[in-house]
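Asker:
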Amino acid sequence: MKKAWVLIWLLLTSVSALSQKQAAIWYFGRNAGLDFNSGTLVTLTDGALSTQEGCATISDATGNLLFYTDGITVWNRNHSPMPNGTGLSGHPSSTQSGIIVPFPGNPNLYFVFTVDEAGLGNGLQYNMVDMSLDGGLGDLTLKNTALATPVMEKLTAVEHANGSDIWVLCHGYGNNEFLAYLVTSTGLNTTPVVSATGLDHPILYNGQGVRGYMKVSPNGEFLASMASGTDHAELFRFDPSSGQVSDPILLDSYFPLPAPSGVQSPYGVEFSPDSRKLYVGYTEYGFPYSISSAIHQFDLSVYDQATIIASGLEISATKTSEIGALQLAIDGKIYVTIIDESSLSAINNPNGPGLTCDYQDNVISLGTGESSLGLPPFIQSFFVVGLTAENFCLGDGTEFSVTSSEPILNIAWDFGDGNTSLLENPTHSYATTGNYTVQVTVTTAVETRTETKEITISEVPMANPVANVEICHKGPAYGLDLTTLDAEILGTQTASEVNISYFSSQTDADGNMNALPATSTFDQGTTTVFARIANKQNNLCYATTNFDIVVKASVEVGVVTDWTVCDDDTDGIYDFDLSQKDTEILGGQEAGTFAISYHGSQIDADNGTNPIGPNYENTLPTETLYFRIENRTYPECFETGDFEIRVLGQVIANTPNDLEVCDDDKDGSAIFDLSLVELEVIGGQDPATLSISYHGSQADAVTNTDPLPLVVTSTQYQRPIYIRVSHVSDDACYDTTTFQLTIFDTPMAPPVTDWRVCDMDNDGRYLFDLNQKTDEILMDVQNTTLSFHTSQSDAALSQNPISGNYENTANPQTIFFRLENTDRPDCHDVGQFELQVLDTPVAHVPDDIIACDIDGPGANTFQLGEKDVEVLNGQDPMLYSVTYYTTELDALNQRNAISRENYQNSSLEETIYVRVEHRALASCFDISDFDLKVNALPNLELSETYVICPDNPNLSLDAGLFDSYSWWDADGNLIGNSQTLDITALGNYQVRVSETSNGITCGKTVSFEVVSSGAPESFTVIREGFSDKVVLNIEAIGIGEFEYSLDGTVFQGDARFEVFPGTYTVYVRDPYGCRTLSKEITAVGYQRFFSPNGDGIHESWNIIGAQEFPGSKLSIYDRYGKLLKQLSPQGPGWDGTYMGRPLPASDYWFKFEYGMGETITGHFALKR
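In structure tokens, the structure reads:
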């Protein structure tokens, strides 16, 4: 019975066994560490661990360090690797590379679970540490034992519902399976509980989607899993009795969608100690490289997706660095690592809703250590806090509660101020501020335990009322330094004890979020500002007040122009409509916001009294009027100003005459002096009181803009000029008129061709029709009058014109013409041309040209220019030119003239036409013709070479029928005068023959050579090779060079031939064909394949040319040397069968036996 009670006691007190002190020391990051034992956080810098992500630490029940690991190496409490503590299968870049789990009921034994990086092959493995080894420093007794592979980088642990066993959970790789392994006092159950629920975890580049933390809530009810690189943040229910994961809730829709090229990465996750708040570290990576990260809180009080997502709140300011792990500590706070920082951030009150959770940046110094992405995970049940308290502001009821796994039989509270309570969840109000030690004693059926907690009760400061801020302000927004209002809010309180901040809503003030900058801008109108004054010792102890900032639109007044008018009735009085100045005074401000009034004095304007107008008549030529512009809603916001009104006498602009000029240089432009019209414009007015300006448009004249210079260049034939005449005292008093600048084209006399005619009777006189020159002179000219004159002076003075038919009085004679603008006759120009009468030439007929066809055949070169003397027959060649043509039509049309010096005839007989024309006038000409005849040279047909062959040494040559013959040898000796010649000697010879025609004798000389040739006497053929290619080498005997052929038609100089086996006729001859020898030979060989498939092609195989070897024998073998066929090569050959059966496609071998025991072997292919 006693043993049974001990066992029950161990089971019921397991919560106490899993003491929070086992999570009292952390080693993580790059040589960073923390010690939570004393209640005051201590920085540790003695750790040997340096890693990027996962790590784990374990202490004993009293908080003494046992060992720690990065999933690869296990270090003992002296920071040295355990003897067998290296080479574990975790990874420095695995999110939760390892976790340490005590062996229930075995105080010296600890499981070390590891997971590999990004789903690699090592997967989930476990190791065993025995702390009794190595003198109590511990060593590994079991190492790298596989459980599951591949898995995600996720690993967490929590107590079983029985309070003694422990669940270890991981997640399958690329799927939606959770694997829960149970550790009991009997050991590890290697068969997991599998829950297929939630999303399949996608596998992205660089392991994205594999990374991210997984945690179970301290009370074992919930599980959260993050998938970095995706937007997947999932929440589940967890059953600590069965290990089942269920009821997934996807939180993705809460988080903003990333930019098109961005990546979302939920990574760190943690639950509050009361398991009612979930915290998610979320980072968005943008491209090009940018980071935006924050921490978000979700309320799990109601397990409903829409409700939980709606409760989501960003509790930290957005950061530009990656947020890593979130880890609950035994002090009830959640600590946050931000990569590459020398400090940790903290959530000081994680059970608190919204911003009351009190997140603070960089509050825990790591000394010389540095954070990375990971913090050590623990069994989440370590963080079930026994005593909790809320509300620590004076005047609030402080709520106390206690957590117990067993029913409470008795409970006693001591609040530290002399007050007590026996309630299970009491609320106590403290009378004064200060530090109090709260103690609770709990009695259950198992044990009686006492827990203590230090609390601080803080003063709630007073938010004194603030008077509204009212200001008249020019511009859309007013900048106010809100800190100038701090003194009103403080009153008599001490500034160093409180924080004062300002907000745009009561919600923001209560939540202490979205505080306004110290210097803020406020739009026109009324803005309510909420002030929060909070105790620096406890920011949740605060008070608020509010006040209005009223920004009243004040007036902005620029310079208002004076008002000058012209007196149009000479009485000096003008009726001014003052409302016309409203727009100028408003200067773009809203008329509905501001009111304008006009006054006769500054005092009236300042006081807003005695308004005048809007219609006002002056009493003096010059007066000063005052105006007031004020805010219609806030009349105290006003400005004043003034302007002058003036009435001037009437101004008149008289219209002058137009200015006109002739465009003598024909460039389309002219220069005008505008000042020439001023006297006409001013008339009888006093010029001293007037200002005159000239403009290019009426609009410019009215607005007095873009005045023209007094001297202008105009490029328009008709250009209006607008004149403004204004009073020198005020330009607003003015009149305008206009006149024209007119440019008249001066006609430009064009160059005119001289007029030459052919004098048919050569008397030097001709009747010219001058009207024929009109079109040439007036080409492309309009609005112009033309006249002809016999002298320059008559043309210039436009007198004594001549017209119609005119007979020249001199030869040559100059005629002058005048061109004048029809609209402006004095705009004129004078030109001239010459009249000349020329004598008509005579083309005499020359003698014909007869020549031998020396250049042949039929084409010879002639110097036609030698006929000029005969054709001109005494006429002056300086006055007349001579040209030659092949047709009379070309000569008439003066086209296709032929060469005078190097003319080549195109036929043996041609007619040449000669044209003689006056050099000054092509139409003054005459034509004659003569013949050109070419005698063909004798047609002497002899070869260039003749051969004396050994077989025929006699050579006789016949020159053909001609009038005469001459034969010469190589030395120039005449050796014959007859038609034929017998030649016995070798060498070079010439023969010349001649014929007489058309009265001249033409001859032709031909050279030729007589040579001898050798001849082949005999030859042999040497055969090389034995296959489907045989080489024939021909060896000839004889004197000289020889040619070789296998068909008697095509010969070559090379004596080598490569042929297919068979029978050939071989030919040998000398190059001159004196002698040709031939011989039939056989090239013995074989074909390398045959295809007996019935198509009639290559149906059998044999030795080709074997008929030369009677009695020879042919044997066929397969590739293994088996004899298949023995046959005579003189027969039809082998048909590819063996004993009547077709053999398959393959290589086959043969042996050919011939002659005197000679043998040839080889192989060939049978193809099917």
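For the sequence shown, the positions run -19 to -1, 1 to 1149 when mature numbering (1 follows the signal peptide of the UniProt record, and there is no 0) is used.
Built from N, CA and C at the ideal position, the CB exists for glycine as well.
Would you call the stretch 1080 to 1087 and the stretch 1105 to 1116 in contact, with 3 or more CB pairs under 8 Å?
Answerer: Contact between the stretch 1080 to 1087 and the stretch 1105 to 1116 is present, because at least three Cβ pairs lie under 8 Å.
Asker: In chain order, which continuous runs of the beta strand (DSSP E) of length 3 or greater are located wholly inside the stretch 190 to 218?
Answerer: The stretch 190 to 218 contains these whole beta strand (DSSP E) runs: 195 to 197 and 203 to 208.
Asker: Using CA coordinates, which residue listed in Thr500, Phe1131, Ile593 and Thr605 is at the minimum distance from alanine 458?
Answerer: What you label residue 458 is simply residue 477 of the sequence shown in a count that begins at 1. Minimum Cα distance to alanine 458 is reached at Thr500.
Asker: Would you call serine 274 buried or exposed, if buried means 16 or more other Cβ atoms sit within 10 Å of its Cβ?
Answerer: As a first step, residue 274 is located in the sequence shown; it is residue number 293 there, counting from the start. By the 10 Å Cβ count, serine 274 comes out buried.
Asker: In angstroms, rounded to a whole number, what distance separates the CA positions of asparagine 792 and threonine 727?
Answerer: In the sequence shown, counting from the first residue as 1, residue 792 sits at position 811. In the sequence shown, counting from the first residue as 1, residue 727 sits at position 746. Distance between the alpha carbons of asparagine 792 and threonine 727: 32 Å.
Asker: Which residue comes first and which comes last in the alpha helix (DSSP H) that contains asparagine 874?
Answerer: Locating residue 874 in the sequence shown gives position 893, where the first residue counts as 1. Run containing asparagine 874: 869 to 874, per the alpha helix (DSSP H) assignment.
Asker: With valine 536 as the anchor, note down where its alpha helix (DSSP H) starts and where it stops.
Answerer: Against the sequence shown, residue 536 aligns to sequence position 555. That residue, valine 536, is in no alpha helix (DSSP H); it is neither H nor E in DSSP.
Asker: My understanding is that serine 993 touches isoleucine 929, with C-beta atoms under 8 Å, so please give their C-beta distance in whole angstroms.
Answerer: By 1-based counting over the sequence shown, the position of residue 993 is 1012. By 1-based counting over the sequence shown, the position of residue 929 is 948. Sure, about 5 Å apart at Cβ, within 8 Å.
Asker: Do the stretch 275 to 283 and the stretch 251 to 265 make contact, defined as three or more Cβ pairs closer than 8 Å?
Answerer: They touch, by the three-pair rule.
Asker: Nearest-angstrom Cα distance between leucine 800 and threonine 821?
Answerer: Numbered from 1 along the sequence shown, position 819 holds the residue referred to as residue 800. Numbered from 1 along the sequence shown, position 840 holds the residue referred to as residue 821. Roughly 35 Å separates the two Cα atoms.
Asker: Rounded to a whole number of angstroms, what is the C-alpha to C-alpha distance between tyrosine 1101 and tyrosine 1067?
Answerer: As a working note, residue 1101 is residue 1120 in the sequence shown. As a working note, residue 1067 is residue 1086 in the sequence shown. Approximately 21 Å, taken between the alpha carbons.
Asker: If we count the other Cβ atoms within 10 Å of its Cβ and call it buried at 16 or more, is lysine 1103 buried or exposed?
Answerer: What you label residue 1103 is simply residue 1122 of the sequence shown in a count that begins at 1. Exposed, since its Cβ has fewer than 16 Cβ neighbours within 10 Å.
Asker: Check glutamine 1033 in the structure and name its three-state DSSP category.
Answerer: Translated into the one-based positions of the sequence shown, residue 1033 becomes position 1052. If DSSP states are grouped into helix, strand and coil, glutamine 1033 belongs with the strands.
Asker: Are the CB atoms of asparagine 789 and valine 818 within a distance shorter than 8 Å?
Answerer: Locating residue 818 in the sequence shown gives position 837, counting from the first residue. Locating residue 789 in the sequence shown gives position 808, counting from the first residue. Against a cut-off of 8 Å, the Cβ pair of asparagine 789 and valine 818 comes out as a contact.
Asker: Out of Val823, Gln286 and Ser246, state which residue places its alpha-carbon closest to the alpha-carbon of glycine 267.
Answerer: Locating residue 267 in the sequence shown gives position 286, counting from the first residue. Ranking Val823, Gln286 and Ser246 by Cα distance to glycine 267 puts Ser246 first.
Asker: Taking a contact to mean a Cβ-Cβ separation below 8 Å, would you say glutamine 206 touches histidine 277 in this structure?
Answerer: As a working mapping, residue 206 is identified with position 225 in the sequence shown. As a working mapping, residue 277 is identified with position 296 in the sequence shown. Checking the sequence, you will find serine at residue 206 rather than glutamine. Not closer than 8 Å, so no.
Asker: What first and last residue would you give for the alpha helix (DSSP H) that runs through aspartate 146?
Answerer: If you number the sequence shown from 1, residue 146 lands on position 165. It is not in any alpha helix (DSSP H) - aspartate 146 carries neither H nor E in the DSSP assignment.
Asker: So the alpha helix (DSSP H) serine 959 belongs to, where does it begin and stop?
Answerer: Position 978 of the sequence shown holds residue 959. Looking at the DSSP string, serine 959 is not in any alpha helix (DSSP H), and its letter there is neither H nor E.
Asker: For the beta strand (DSSP E) containing aspartate 735, list its first residue and its last residue.
Answerer: Against the sequence shown, residue 735 aligns to sequence position 754. Premise fails: aspartate 735 is in no beta strand (DSSP E) and is neither H nor E.
Asker: CB-CB under 6 Å to lysine 455, same chain, minus the five flanking residues each way: which ones, in chain order?
Answerer: For this step, residue 455 is matched to residue 474 along the sequence shown. Ser535 and Glu537, listed in sequence order.
Asker: According to DSSP, simplified to helix, strand and coil, what is lysine 135?
Answerer: Numbered from its first residue, the sequence shown carries residue 135 at position 154. Coil at lysine 135, not helix or strand.
Asker: For the putative contact between lysine 533 and isoleucine 452, defined by C-beta atoms under 8 Å, what is the C-beta separation to the nearest angstrom?
Answerer: Along the sequence shown, read from residue 1 onward, the residue named residue 533 stands at position 552. Along the sequence shown, read from residue 1 onward, the residue named residue 452 stands at position 471. Yes, lysine 533 and isoleucine 452 are in contact; Cβ-Cβ is about 7 Å, under 8 Å.
Asker: Near residue 1156, which residues of its chain fall below 8 Å by C-beta distance, leaving aside the five closest residues on each side in sequence?
Answerer: Any question about residue 1156 goes unanswered here, given that the chain covers just -19 to 1149.
Asker: Do glycine 984 and arginine 973 have their C-beta atoms closer together than 8 Å?
Answerer: Within the sequence shown, numbered from 1, the residue matching residue 984 stands at position 1003. Within the sequence shown, numbered from 1, the residue matching residue 973 stands at position 992. A contact, by the Cβ cut-off of 8 Å.
Asker: Check whether the Cβ of asparagine 954 lies closer than 7 Å to any heavy atom of the ligand ZN, and answer yes or no.
Answerer: With respect to small molecules bound, the structure shown includes none, and the ligand ZN cannot be examined in it.
Asker: As a quick exercise: from Arg1069, Thr318, Asn103 and Ala1064, pick the residue whose alpha carbon is nearest that of serine 1127.
Answerer: For the purposes of this step, residue 1127 is identified with residue 1146 of the sequence shown, where counting begins at 1. The candidate whose alpha carbon is nearest that of serine 1127 is Arg1069.
Asker: By DSSP, does glycine 188 sit in helix, in strand, or in coil?
Answerer: Working through the sequence shown from its first residue, we reach residue 188 at position 207. Residue placement at glycine 188 is flagged as unreliable, the pLDDT there being 45, under the threshold of 50; the coordinate-derived value follows with that caveat. In the structure shown, glycine 188 sits in a helix (DSSP, three-state: H, G or I).
Asker: Thinking C-beta only, is proline 237 closer than 8 Å to aspartate 146?
Answerer: Taking the first residue of the sequence shown as 1, we reach residue 146 at position 165. Taking the first residue of the sequence shown as 1, we reach residue 237 at position 256. Taking 8 Å as the Cβ cut-off, aspartate 146 and proline 237 do not qualify as a contacting pair.
Asker: Which runs of the beta strand (DSSP E) at least 3 residues long sit entirely within the stretch 1017 to 1095? Give them in chain order.
Answerer: Entirely contained in the stretch 1017 to 1095, the beta strand (DSSP E) runs reaching 3 residues are, in chain order, 1024 to 1026, 1037 to 1040, 1043 to 1050 and 1057 to 1064.
Asker: Once you ignore the five residues that flank glutamine 106 on each side, which residues in its own chain have a CB closer than 7 Å to its CB?
Answerer: Here residue 106 corresponds to residue number 125 of the sequence shown, with the count starting at 1. Ser70, Thr95, Asn125, Thr126, Ala127 and Leu128, listed in sequence order.
Asker: Out of curiosity, what's the CA-to-CA distance linking aspartate 836 and arginine 876?
Answerer: On the sequence shown, residue 836 is found 855 positions in, with the first residue counted as 1. On the sequence shown, residue 876 is found 895 positions in, with the first residue counted as 1. Rounded to the nearest angstrom, the two C-alpha atoms are 27 Å apart.
Asker: Tell me the DSSP bridge mates of arginine 881?
Answerer: Residue 881 sits at position 900 when you count from the first residue of the sequence shown. DSSP lists no partner for arginine 881.
Asker: Assuming the contact rule is C-beta atoms closer than 8 Å, proline 334 and isoleucine 315 should be a hit. Round their C-beta distance to whole Å, please.
Answerer: On the sequence shown, position 353 is the one that residue 334 refers to. On the sequence shown, position 334 is the one that residue 315 refers to. Incorrect: roughly 15 Å between the Cβ atoms, too far for contact.
Asker: Going by DSSP, which residues form a beta bridge with glutamate 435?
Answerer: By 1-based counting over the sequence shown, the position of residue 435 is 454. Thr418, per the DSSP bridge assignment.
Asker: Determine whether the beta carbon atoms of methionine 63 and glycine 100 lie at a separation below 8 Å.
Answerer: Here residue 63 refers to the residue found at position 82 when the sequence shown is read from its first residue. Here residue 100 refers to the residue found at position 119 when the sequence shown is read from its first residue. Their beta carbons are not under 8 Å apart, which means methionine 63 does not touch glycine 100 by this criterion.
Asker: Express the C-alpha separation of glutamine 361 and leucine 114 in angstroms, rounding to a whole number.
Answerer: If you number the sequence shown from 1, residue 114 lands on position 133. If you number the sequence shown from 1, residue 361 lands on position 380. Cα to Cα, leucine 114 sits roughly 28 Å from glutamine 361.
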